[in-house]
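In terms of the UniProt record's numbering, the sequence shown opens at residue 1 and continues consecutively.
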Amino acid sequence: MNPHAKLVSSMSLLLGTTITISSNHWMMAWTGLEINTLAIIPLISKSHHPRAIEAAIKYFLVQAAASALVLFSSMTNAWSTGQWDITHLHHPASSLLLTTAIAMKLGLVPFHFWFPEVLQGSSLTTALLLSTMMKFPPITILFLTSHSLNPTLMTSMALASAMLGGWMGLNQTQIRKILAFSSISHLGWMAIIIIYSPKLTLLTFYLYSMMTATVLLTLNTTKTLNLSTMMTSWTKAPVLNATLMLALLSLAGLPPLTGFLPKWLIIQELTKQDMTSTATIIAMLSLLGLFFYLRLAYYSTITLPPNSTNHMKQWHMNKPANTSIAILTSMSILLLPLSPMIMTAI
Numbered sequence: 001m002n003p004h005a006k007l008v009s010s011m012s013l014l015l016g017t018t019i020t021i022s023s024n025h026w027m028m029a030w031t032g033l034e035i036n037t038l039a040i041i042p043l044i045s046k047s048h049h050p051r052a053i054e055a056a057i058k059y060f061l062v063q064a065a066a067s068a069l070v071l072f073s074s075m076t077n078a079w080s081t082g083q084w085d086i087t088h089l090h091h092p093a094s095s096l097l098l099t100t101a102i103a104m105k106l107g108l109v110p111f112h113f114w115f116p117e118v119l120q121g122s123s124l125t126t127a128l129l130l131s132t133m134m135k136f137p138p139i140t141i142l143f144l145t146s147h148s149l150n151p152t153l154m155t156s157m158a159l160a161s162a163m164l165g166g167w168m169g170l171n172q173t174q175i176r177k178i179l180a181f182s183s184i185s186h187l188g189w190m191a192i193i194i195i196y197s198p199k200l201t202l203l204t205f206y207l208y209s210m211m212t213a214t215v216l217l218t219l220n221t222t223k224t225l226n227l228s229t230m231m232t233s234w235t236k237a238p239v240l241n242a243t244l245m246l247a248l249l250s251l252a253g254l255p256p257l258t259g260f261l262p263k264w265l266i267i268q269e270l271t272k273q274d275m276t277s278t279a280t281i282i283a284m285l286s287l288l289g290l291f292f293y294l295r296l297a298y299y300s301t302i303t304l305p306p307n308s309t310n311h312m313k314q315w316h317m318n319k320p321a322n323t324s325i326a327i328l329t330s331m332s333i334l335l336l337p338l339s340p341m342i343m344t345a346i
């Protein structure tokens, strides 16, 4: 990809995200979302592979439909209340339309179909952007309108996302698709608590973004795209693969790793809200995701492939691991002891 085109796309992504998260007016938030959508499309389709072009078209169509719904929702609300402020979302139909639009943008069930396909058609670095940075503006809009959302609808979508994200990830062999269903499952955890503790949703998103960045940057370093190549990647960078295993277990939410913190706080908050049955269900559904994380962790540290593979074993990589990967890995594994300080911050 042309460096100038990449620079323009990257700067537009930053601009669109900044406009949306800092705006109070519906039109400015919508403008930021549109800039984001247009900026990421060249990055998705940069490989010129048919699958990448297909992914870019699917992404554009879904995001365009969601943006139209955001615009329709804000106009309906302005028509009935006379307010263009994002926090003044008082019309029930507008609230329902906005929830649908944001669910489409995020990939929440039942609007999740596009996300695994788009991630599979993208490179690992673009998949990282789609899983983390592109989800920040819609989550910010949910954060600002959390007091107006329908609790029953959000809880239903959250539980469905946690269930389907875990269930569909079980039989996948492509790592990008596994991480896509992992993202859908984590979005379920964020959506279930958005009404009761919006700041906890943001904390969950930050920690999820950090752990996903660790995993995807590590996979990008070892050039691993599916489970069969993952089995032989241990020879390239043994230490990096060992830390990848810990990052995957942290993403699964196992104590004493960082990923346990948001799940622990969410279950605690749901129990405070007298939603013990909901907390029990979503905790049980996280066991589905735990299975495929354990499978990935097993493959990442295995020393001999249990079955024949077409890939040659590779010798050690010449270049050292990136400093950013080292910092992200440390944070993805070791932040749980700092939980009292993090809890006072939120």
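Just so you know, even glycine gets a beta-carbon here, dropped at the ideal spot from N, CA and C.
Residue pairing from DSSP places ASP85 in a beta bridge opposite HIS25.
Collapsing the DSSP output to three states places ASN322 in coil. Secondary structure within the region 35 to 74: not one fully enclosed beta strand (DSSP E) run of 3 or more consecutive residues is present. With respect to THR155, ILE192 sits close: the two C-beta atoms are nearer than 7 Å. A distance below 7 Å separates the beta carbons of ALA252 and LEU290. ASN226 carries a strand assignment under DSSP once its states are collapsed to helix, strand and coil.
Taking a C-beta distance under 7 Å as the contact criterion, THR329 and THR204 do not qualify as a contact pair. A residue is called buried once 16 or more other Cβ atoms fall within 10 Å of its Cβ, and HIS91 is buried on that count. Between the region 256 to 267 and the region 238 to 245, the count of C-beta pairs closer than 8 Å stays below three; the two stretches do not touch. Here GLU117 has GLU54, ALA55 and LYS58 as same chain residues with Cβ atoms under 8 Å from its own Cβ, once five neighbours each way along the sequence are excluded.
The alpha carbon of ALA103 has as its nearest neighbour, out of SER122, THR173 and LEU187, the alpha carbon of LEU187. Rounded to whole angstroms, the Cβ separation of ILE44 and SER122 is 5 Å, and the two are in contact under 8 Å.
Of LEU96, HIS49, GLY32 and PRO50, the smallest CA-CA separation from PHE72 is found for LEU96. Secondary structure in the region 195 to 266: the alpha helix (DSSP H) runs of 4 residues or longer, each lying completely within the stretch, are 198 to 222, 227 to 231 and 238 to 252 in chain order.
With a threshold of 16 other beta carbon atoms within 10 Å, GLN63 meets it and is buried. Non-local C-beta neighbours of LEU164 in its own chain, meaning closer than 6 Å and more than five positions away in sequence, comprise VAL109, ordered along the chain. Counting along the chain, MET133 sits inside no alpha helix (DSSP H), nor does DSSP assign it H or E at all. GLN273 is not bridged by DSSP to any residue.
Of LEU106, THR100 and HIS48, the smallest CA-CA separation from LEU149 is found for THR100. Short of 7 Å from the beta carbon of THR132, and not among the five residues preceding or following it, lie these beta carbons of its own chain, in chain order: SER209, THR212 and ALA213.
A distance below 7 Å between beta-carbons, with the five flanking residues on each side excluded, links GLU34 to the following residues of its chain, in chain order: SER67. For LEU153, the uninterrupted alpha helix (DSSP H) segment begins and ends at 151 to 168. Per DSSP, the continuous alpha helix (DSSP H) segment holding GLY188 begins and ends at 175 to 193. For the 7 Å CB-CB criterion, LEU217 and LEU265 do not form a contact. Under the three-state reduction of DSSP output, ASN2 falls in the coil class, being neither helix nor strand.
By the beta-carbon neighbour count (other beta carbons within 10 angstroms, threshold 16), ILE327 is exposed.
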